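Enquirer: In this note's numbering, the protein residues as written are -14 to 344.
Just so it is clear, CB atoms sit at the ideal spot from N, CA and C, and this is done for glycine as well.
On a predicted model such as this, the values are computed, not experimentally measured, just so you know.
Take a look at this one; I'll ask things after.
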């Protein structure tokens, strides 16, 4: 009994989007703000930057705040004039202190955010994501987004981040748990320094862990981005029609252009000095004018049917025909119509022209 060849085309069950995205599709997606990037990288760089900033200028910020608190709550408060001018002066001093202390933090956070975006997607300014879209109000589409694969991945990442932060915080605090009770009997500046060191340690460890998570997440986001941009064969055809026109129309235009070029070429055959043939497959018409040309020029050439037409026009207008298969093939392959022959063919063509001139 012969075995039955039972095959299933799996493409019938796919959505047909199996082709890589074209450059035009990628450019349109980029203009809409659709790029591959990981938000975890922003968080990781921000935590690492803040941890390094606390290590560099944390003690200076605590000292600055301590001076301000002493001025406001210490003995100097008694010398503050409780009037509109005095309160305004105190307020201005407080704002200045906050700006001086928080300015480096805000500036560092802004610089790290911009650096993270530039590192992943380069410079891409677009307002398309801010444009209101009514389809976002559709509850069916909203439910699809909530229960989509992307939502599940984001939930998994959130749970993983919470677990990382909880473990790092527990580990950092657990090491110094015995020192927390001693904070009740130390100066506020020392307590603030101890707290700052704990925060810096947690930020440094958490940022390092999230940086590794960001690398994995970026690879996934890149893969998902490429999958979302994939196109079907029909999509590529439609895009080609939009950019270059219908293939049938382009083919008709090219055929018409070839017809016009052949017509002009045939009109130049009667002006040629000689037609070199293969004798049946190729025909090349040459013209040479010593006053206007530095070398003989190919005014017409053709193969098979066009070669027969060139020979017929040459016979009708008494243009000499010379059979030289190697030279005809070399001229047909090497010299476009309207160009002068190359130097390596000078000798062979000169011999043919000399023979024609003797006739």
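Please classify residue 311: is it buried, with 16 or more other beta-carbons within 10 angstroms of its beta-carbon, or exposed?
Expert: What you label residue 311 is simply residue 326 of the chain shown in a count that begins at 1. It counts as exposed.
Enquirer: Less than 8 Å separating the beta-carbons of residue 224 and residue 142?
Expert: Along the chain shown, one-based indexing puts residue 224 at 239. Along the chain shown, one-based indexing puts residue 142 at 157. Cβ distance not < 8 Å, so residue 224 and residue 142 don't count as in contact.
Enquirer: Using the three-state DSSP reduction, which class does residue 250 fall into: helix, strand or coil?
Expert: In the chain shown, residue 250 corresponds to position 265, counting from 1. Three-state DSSP puts residue 250 in a helix.
Enquirer: In angstroms, rounded to a whole number, what distance separates the CA positions of residue 251 and residue 267?
Expert: The residue given as residue 251 occupies position 266 in the chain shown. The residue given as residue 267 occupies position 282 in the chain shown. In a straight line, the C-alpha of residue 251 is about 15 Å away from that of residue 267.
Enquirer: Whole angstroms is fine: what's the gap from residue 204's alpha carbon to residue 177's?
Expert: The residue labelled residue 204 in the question sits at position 219 within the chain shown. The residue labelled residue 177 in the question sits at position 192 within the chain shown. One C-alpha to the other measures close to 40 Å.
Enquirer: Going by DSSP in three states, residue 259 sits in which element: helix, strand or coil?
Expert: Residue numbering aside, residue 259 sits at position 274 when the chain shown is read from its first letter. Three-state result, residue 259: strand.
Enquirer: Taking its Cβ as the centre, do 16 or more other Cβ atoms sit within 10 Å of residue 152, making it buried, or is it exposed?
Expert: In the chain shown, counting from the first residue as 1, residue 152 sits at position 167. Classification of residue 152: exposed, given that the 10 Å Cβ count is below 16.
Enquirer: Taking all protein chains shown into account, do 16 or more other C-beta atoms lie within 10 angstroms of the C-beta of residue 104, making it buried, or fewer, making it exposed?
Expert: As a working mapping, residue 104 is identified with position 119 in the chain shown. Result: exposed.
Enquirer: Does the beta-carbon distance from residue 279 to residue 325 come in below 8 Å?
Expert: Here residue 279 refers to the residue found at position 294 when the chain shown is read from its first residue. Here residue 325 refers to the residue found at position 340 when the chain shown is read from its first residue. Taking 8 Å as the Cβ cut-off, residue 279 and residue 325 qualify as a contacting pair.
Enquirer: Taking the straight line between their C-alpha atoms, what separation do you get for residue 46 and residue 95?
Expert: Taking the first residue of the chain shown as position 1, residue 46 is located at position 61. Taking the first residue of the chain shown as position 1, residue 95 is located at position 110. Taking the straight line from one Cα to the other gives about 19 Å.
Enquirer: Using the Cα positions of residue -4 and residue 139, report the straight-line distance between them to the nearest angstrom.
Expert: Locating residue -4 in the chain shown gives position 11, counting from the first residue. Locating residue 139 in the chain shown gives position 154, counting from the first residue. Because the pLDDT at residue -4 is just 44, under 50, the model does not fix this residue reliably, and the value given afterwards should be weighed accordingly. For residue -4 and residue 139, the distance between alpha carbons rounds to 29 Å.
Enquirer: Counting along the chain, where does the alpha helix (DSSP H) carrying residue 326 start and finish?
Expert: Here residue 326 refers to the residue found at position 341 of the chain shown. Looking at the DSSP string, residue 326 is not in any alpha helix (DSSP H), and its letter there is neither H nor E.
Enquirer: At the level of alpha carbons, what is the spacing between residue 337 and residue 240?
Expert: Residue mapping note: residue 337 aligns to position 352 of the chain shown, counting from 1. Residue mapping note: residue 240 aligns to position 255 of the chain shown, counting from 1. Using only the alpha carbons, I get a separation of about 34 Å.
Enquirer: With DSSP collapsed to three states, give me the class of residue 344.
Expert: Counting from 1 along the chain shown, the entry for residue 344 is found at position 359. Of the three classes helix, strand and coil, the one that applies to residue 344 here is coil, per DSSP.
Enquirer: Identify the continuous beta strand (DSSP E) that holds residue 172 and give its terminal residues.
Expert: Within the chain shown, the letter at position 187 stands for residue 172. No beta strand (DSSP E) holds residue 172; DSSP gives it neither H nor E.
Enquirer: Which value, in whole angstroms, describes the spacing of the CA atoms of residue 301 and residue 295?
Expert: Along the chain shown, read from residue 1 onward, the residue named residue 301 stands at position 316. Along the chain shown, read from residue 1 onward, the residue named residue 295 stands at position 310. Between residue 301 and residue 295, the C-alpha separation is close to 10 Å.
Enquirer: At which residues does the alpha helix (DSSP H) containing residue 148 begin and terminate?
Expert: Taking the chain shown and counting its residues from 1, one reaches residue 148 at position 163. From DSSP, the alpha helix (DSSP H) with residue 148 extends over 134 to 160.
Enquirer: For residue 91, which three-state DSSP category applies?
Expert: Translated into the one-based positions of the chain shown, residue 91 becomes position 106. In the structure shown, residue 91 sits in a helix (DSSP, three-state: H, G or I).
Enquirer: With a cut-off of 8 Å on the beta carbons, I'd call residue 50 and residue 181 a contact; round off their distance for me.
Expert: Within the chain shown, residue 50 is the residue found at index 65, counting from 1. Within the chain shown, residue 181 is the residue found at index 196, counting from 1. With 8 Å as the limit, residue 50 and residue 181 do not qualify as a contact, their Cβ atoms being about 11 Å apart.
Enquirer: What are the boundary residues of the beta strand (DSSP E) that includes residue 286?
Expert: Taking the first residue of the chain shown as 1, we reach residue 286 at position 301. Residues 282 to 288.
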